[in-house]
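Notes for the one structure printed next.
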Amino acid sequence: MDAKSAARDRFKSAQDHLVELSHRIHAHPELGFEEEQASSWLCETLADAGFSVQKGICGLPTAFRARAGSGPLHIGICAEYDCLPGIGHACGHNIIATSAVGAALAAAKVADEVGLTVTVIGTPAEEVGNASGKILLLERGAFEGIHAAMMVHPAPFDMLRAKIIAASMFEVHYTGKESHASAFPELGVNAADALTVAQTALGLLRQHIRSTDRIHGIVTNGGAAPNVVPAHTSAKYIIRSETLDQLTELRPRIYRCFEAGALATGSTIELTGGDKPYAEMRHDEVMAALYRRNSEALGRQFPNLGEWETRPTGSTDMGNVSLAMPAIHPMIGINSLPAVNHQPEFAAHCITADADKALADGAVAMAWTCIDLATDQGIRARLMAPR
Ligand SMILES: [Zn+2]
Ligand SMILES: [Zn+2]
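Written as C-alpha cells, this is what we have:
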C-alpha cells in the first residue's frame, strides 16, 4: 500500500472518534485561554495514539505540543479550539482542532517511512485579537525546529488563499468625575462624552484612510445610570490594515481620535493592549498548490469567487506563523450559506454532515500534503534550508 492510502486508512480508523470529539468540543464552548476541556480531550486522543504530548507549554495551561515520527522534515499542524463570547463555536474551531489531530494521526502512520516528524501545536485563544496563543507560542519557542506549518479553517466555501489582513485589538478606558447629572452637572467630567467625541472623530477619519483599512469596536462600559455623570467608560476596538506596516501607520491616527475625546471632556485616558498584533498571512504557494491538488483528489472544489478572492477577509495569528516559516491556512467549506462565520447560524452548521466531511477532507488533504512535502526532494530541501 502506498503512503497516502495508508494515511487515509489510519484517518478512517479514527474518524468516528474525531467526529464525536468535534461535536463534544462544539457542545462545550470555552473562551480563549480557558479551553481546559478541549485541550485535555485533544491531548488524550493524541496520547492514546502514541504521540508524545506536553500540555501547558510556554506558560500557557491550555497550549500543547504532541509529536510523532522521527524524520528530519518537521511539519507543525496548528489546532485552534477557542469559542466566541455569547455565540459559541461560531467560527468552527471544533473542526480546526479535530482536523488537525486527524491529519497528524494519518501522517504519523507513515512518518518514518517518508522521513517526517509531525507535531500538533495546540494554540489557544485565536479569537482574542491581541497577544494570542500563536503569538505567545512563537515568542516562547514552541515553533522552534518546525520547518513548515499548516491548518484548515471552516468557512462557507473552500478558498485556498483567503486575503488575511493584519489586526490589532486594544482597550480604551476614560476616567472623569461623577456628579448629579441634573442638579450639579457643572461639577461632573463626562467620560461617556469622551467616547462620543472619539467615535465622531473616527467617523470623520474614515474618509481619509485606505479603503482596505477596518475600524470596529464595542462600548464595554457606557456608564451606570442616566442621572449620574459617567466617570468610568471603556471600549474595545480592533483596527486592521492589509499589512503590519500599514497598521503601524494607521495606529497613531486612531489613537489620536481617542485622545481627542479625553481632551474635549477633560477626562483622562488609558489605552491598553494593541502591543502584539496579528500579522497578514503570507501563503506558501507551493504548499497551497499541493493542498489544492490533494483536496481536489478527495472531490472538493475551489469555486471561482470573483471579488471574494481579493477582498480582505478576517485576521488570524496564523499570519504571524506564516511570516516565521512557510505556512498555509486554506478555508474549508461547510456549505453554510447564507450563514457566515461569527453568526449563531454558522455555529449551528459546524456540526452538520457537511462540517463532519470538512473535518475528514481537511485532515486527509493535510496529511497527504505532509507526505508530498516530505517525498519531493526539492521541496524538502527548501523547507529544511536555514532561514
Ligand atoms: Zn476562526
Ligand atoms: Zn473567528
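Numbers -15 to 371, taken from this note's numbering, label the letters of the sequence shown in order.
Heads up, the beta-carbon is just placed ideally off N, CA and C, and yes, glycines get one too.
Considering only the alpha carbon of each residue, which of the options lies closest to residue i?
i	options	result
A209	R295, T82 and A165	A165
R371	I130, E293, N114 and H326	I130
I59	A133, G53 and D(-14)	A133
V203	S218, A151, G34 and H192	S218
R8	F(-5), A22, L15 and A(-2)	A22
T227	L122, L120, A339 and L307	L307
M135	D268, A178, A95 and P236	D268
K(-4)	D301, A339 and A347	A347
H264	R235, P287, I199 and L231	His is not the amino acid found at residue 264; the sequence shown has Glu there. Nearest option by C-alpha distance: L231.
L122	R49, V213, G16 and V156	R49
A167	A126, A182, V213 and I148	V213
H12	P69, G257 and I312	P69
L179	E162, A115, S163 and T249	T249
R194	H216, L234 and S24	L234
P236	P169, I199, K147 and K341	I199
A(-2)	A90, P328 and T103	A90
P328	M(-15), E128, H10 and L2	H10
R240	I363, L189 and G283	L189
R295	A358, S225 and M350	S225
R276	E291, P314 and A342	P314
D301	A(-9), A115, K93 and I41	A115
I119	H157, M143, E64 and E170	E64
Does the beta carbon of residue i fall short of 8 Å from some heavy atom of ligand 1?
i	result
I80	yes
Closer than 8 Å: is that where the CB of residue i sits relative to any heavy atom of ligand 2?
i	result
N325	yes
G72	no
G245	no
G298	yes
L255	no
L15	no
L57	no
L228	no
L307	no
L68	yes
Helix, strand or coil for residue i? Go by DSSP, reduced to three states.
i	result
N205	strand
C403	Outside the shown range of the chain, which is -15 to 371, sits residue 403, and nothing can be said about it.
V305	helix
Q285	coil
V41	Sequence check: residue 41 is Ile here, not Val. Looking at I41 - three-state DSSP - the assignment turns out to be helix.
F127	coil
A182	helix
E19	coil
R294	The amino acid at residue 294 is misidentified as Arg; the sequence shows Thr. Coil.
G160	coil
G346	helix
E14	coil
A151	strand
T217	strand
S36	strand
G317	strand
P236	helix
H137	strand
R51	strand
L367	helix
M(-15)	coil
Q266	Rather than Gln, the amino acid found at residue 266 in this sequence is Arg. Here R266 sits in coil by DSSP.
Work out the CA separation of residue j and residue i for me, nearest whole Å.
i	j	result
N278	W352	7 Å
I222	G113	7 Å
K(-12)	I80	21 Å
D259	I61	26 Å
I335	A344	13 Å
M360	G72	Per the sequence presented here, residue 360 reads as Asp, with Met not at that position. Their backbone Cα atoms lie some 41 Å apart in a straight line.
P261	S152	5 Å
G172	G187	26 Å
C67	L247	37 Å
V270	N288	20 Å
A339	G160	49 Å
A95	H137	24 Å
G86	S163	59 Å
G245	T196	25 Å
G317	H326	15 Å
F155	T252	Residue identity check: residue 155 is Glu in the sequence provided, not Phe. Taking the straight line joining both Cα atoms gives about 14 Å.
A88	T103	7 Å
A74	A332	8 Å
Q285	A272	14 Å
D177	E243	12 Å
E319	A109	Per the sequence presented here, residue 319 reads as Asn, with Glu not at that position. Using only the alpha carbons, I get a separation of about 25 Å.
L100	I355	8 Å
T46	F127	16 Å
Give a yes or no on whether 9 Å exceeds the smallest Cβ distance from residue i to chain C.
i	result
I59	Chain labels in this structure do not include chain C; a single protein chain is all it has.
Around ligand 1, Cβ to any heavy atom closer than 6 Å, ordered along the chain: C75, H77, E110 and H137
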